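In this text, residue positions in the sequence shown follow the working numbering: the first is 78, and each later residue adds one. Below you'll find the structure, written out as structure tokens, and then a few comments.
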Amino acid sequence: MKFIQQASLWFSEGTADKVYEVDLCEVSAGQFVVNFRYGRRGTALRDGTKTTLPVPEAQARKIYDQLVGSKTREGYREAGGPASTTAPPPAVGTIPPADRPAYLLELLRSSLPSGTLPKTTRWPLGRLIWRTGELRLREAVPFLLALLPKSDDLRQYCLAWALGRCGDPAAIPALERLHAGSASSDKVRRIALVSWLALAKGDARASVVARVADRLPSALRAALTVGNEASRRNFLTGDAGKTLVHDHVETLYLLSEDHPPAHAVVVEWLTTVPFSPNTFRQVRHLFKVAEFREDARVFGVLAYRFEKTPATFRYASYGNQAILDGKWLEHPRRELARKDSRLAYSNKTRAY
């Protein structure tokens with residue numbers, strides 16, 4: 078997402094001290110959205126959007142200007158603008174770029190032991206945890222581990238992701254427990270394994286890799302390790318090999334750092350696989366692993382395909398319905414939750 082224009086507005090009169098922020102963003106070539114945030118200064122701002130789906134630039138700019146204009150007529154002024162008698166104080170929770178790691182660590186520290194952030198920050202805790210992983214803040218690991226026992230499913234996923242990215246092997250026992258735990262959801266077990274692989278080294282890594290490889294049928298395991306590269310590739314791209322690859326592509330991708338032939342086969346599979354109900358869940362899982370690993374080749378192939386592949390079904394603009402093959406479908410979210418769902422890759426997923 079690329080920021081094109083932003084308005085930071087404020088309103089101060091009597092006991093009122095409010096802010097209103099408007100963003101004009103380009104989400105893909107020629108497609109734009111207008112988002113906003115509002116609330117009392119120093120509190121967590123509520124957010125929303127004026128464009129449920131991306132729109133052309135001219136339409137987005139019109140929406141942006143109308144929204145800013147309506148707030149200006151209500152008495153809001155641009156921060157530091159000529160209509161202001163004084164510049165507003167900086168918003169609580171603003172993160173100076175130079176101090177960001179220290180600020181993030183302090184917020185994490187302040188969230189313990191309750192597992193909640195101070196009301197003075199606009200950051201949700203899950204997003205803060207994710208950000209520590211993006212920045213690979215190894216110093217955050219003790220705080221992340223301390224948050225695990227009181228975390229729900231979504232926060233466990235964020236913690237497992239961040240622990241693997243932060244690079245401290247001290248997190249391995251916790252990731253092992255998440256991966257093996259019967260109470261862990263499928264998505265948490267998946268990302269815990271990805272993080273475990275990222276942290277394990279030497280013999281410990283070889284042991285984890287062997288356990289993952291044991292999921293594969295013997296013919297596919299042999300194709301990764303036996304013979305020269307040409308013979309392995311010939312098997313993997315033949316009819317029998319293609320069927321096995323389709324059934325076990327996620328495991329192959331987990332092994333691809335240790336078995337390079339698997340990486341080429343996964344990339345080839347992703348360039349042609351249809352975004353259909355029986356395959357798109359695998360595609361989503363691969364995309365998440367590629368994001369974690371910063372695997373530019375896989376990430377790039379999928380980003381291109383998301384850009385070029387039309388959605389297979391569309392949510393209605395209102396109500397709890399979707400359109401599939403020109404027909405109305407009631408309760409699409411229930412259908413998506415089914416293992417044999419007829420739905421995959423919606424207009425909302427594509428836009429996201």
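We put the beta carbon where it would ideally sit given N, CA and C, even for glycine. Small disclaimer: the values here were computed from a predicted structure and weren't measured.
Outcome for residue i when other beta-carbon atoms lying within 10 angstroms are tallied against a minimum of 16
| i | result |
| --- | --- |
| K148 | buried |
| T386 | exposed |
| N189 | Position check: residue 189 holds Leu in this sequence, whereas Asn was assumed. With fewer than 16 Cβ atoms within 10 Å of its Cβ, L189 is classed as exposed. |
| A431 | This structure leaves residue 431 out entirely; the chain is present only between 78 and 429. |
| S284 | exposed |
| T128 | buried |
| Y97 | buried |
| A137 | buried |
| S295 | exposed |
Close-in-space but distant-in-sequence residues of the same chain around residue i (CB under 7 Å, 5 per side omitted)
| i | result |
| --- | --- |
| P159 | Here the model assigns P159 a pLDDT of 43, short of 50, so the residue's position is not dependable, and the following value carries that caveat. Within the same chain, P159 has no close Cβ partners at all. |
| H408 | N397 |
| V289 | T328, L331, L332 |
| Y141 | Q82, V99, L101, V111 |
| F88 | K95, G152, Y153 |
Euclidean distance between Cα positions of residue i and residue j
| i | j | result |
| --- | --- | --- |
| Q108 | R114 | 21 Å |
| R427 | V342 | 24 Å |
| D94 | E151 | 14 Å |
| R232 | E253 | 17 Å |
| A388 | P354 | 12 Å |
| G210 | G91 | 42 Å |
| F80 | V99 | 11 Å |
| G377 | V350 | 15 Å |
| F357 | E384 | 15 Å |
| Q82 | W405 | 38 Å |
| P219 | P133 | 46 Å |
| P338 | G146 | 57 Å |
| L301 | R292 | 13 Å |
| R215 | D417 | 41 Å |
| R123 | R298 | 51 Å |
| R267 | G241 | 12 Å |
| S423 | D280 | 43 Å |
| R208 | A239 | 8 Å |
| E155 | D263 | 47 Å |
| S85 | T126 | 16 Å |
Presumed contact (8 Å Cβ cut-off) between residue i and residue j, rounded CB distance
| i | j | result |
| --- | --- | --- |
| T193 | L202 | 7 Å |
| V322 | W346 | 6 Å |
| L19 | A257 | Because the chain here runs from 78 to 429, residue 19 falls outside it and cannot be looked at. |
| L276 | G244 | 7 Å |
| V286 | D229 | Contact doesn't hold; Cβ gap of about 31 Å is too wide. |
| S187 | P195 | 6 Å |
| F369 | V271 | 6 Å |
| Y491 | V360 | This structure cannot speak to residue 491, because the chain is shown only from 78 to 429. |
Paired residues, beta bridge with residue i - DSSP
| i | result |
| --- | --- |
| S89 | D94 |
| G244 | According to DSSP, G244 bridges with nothing at all. |
Own chain residues within Cβ distance below 8 Å of residue i, not counting five before or after
| i | result |
| --- | --- |
| L420 | P354, T389, F390, A399, L401, L406, P409, E412, L413 |
| R415 | none |
C-beta neighbour in chain C for residue i, strict 7 Å
| i | result |
| --- | --- |
| T128 | Of the chains in the structure shown, none is chain C; there is only one protein chain. |
Residues near residue i by beta carbon distance below 6 Å, same chain, minus five either side
| i | result |
| --- | --- |
| S261 | L255 |
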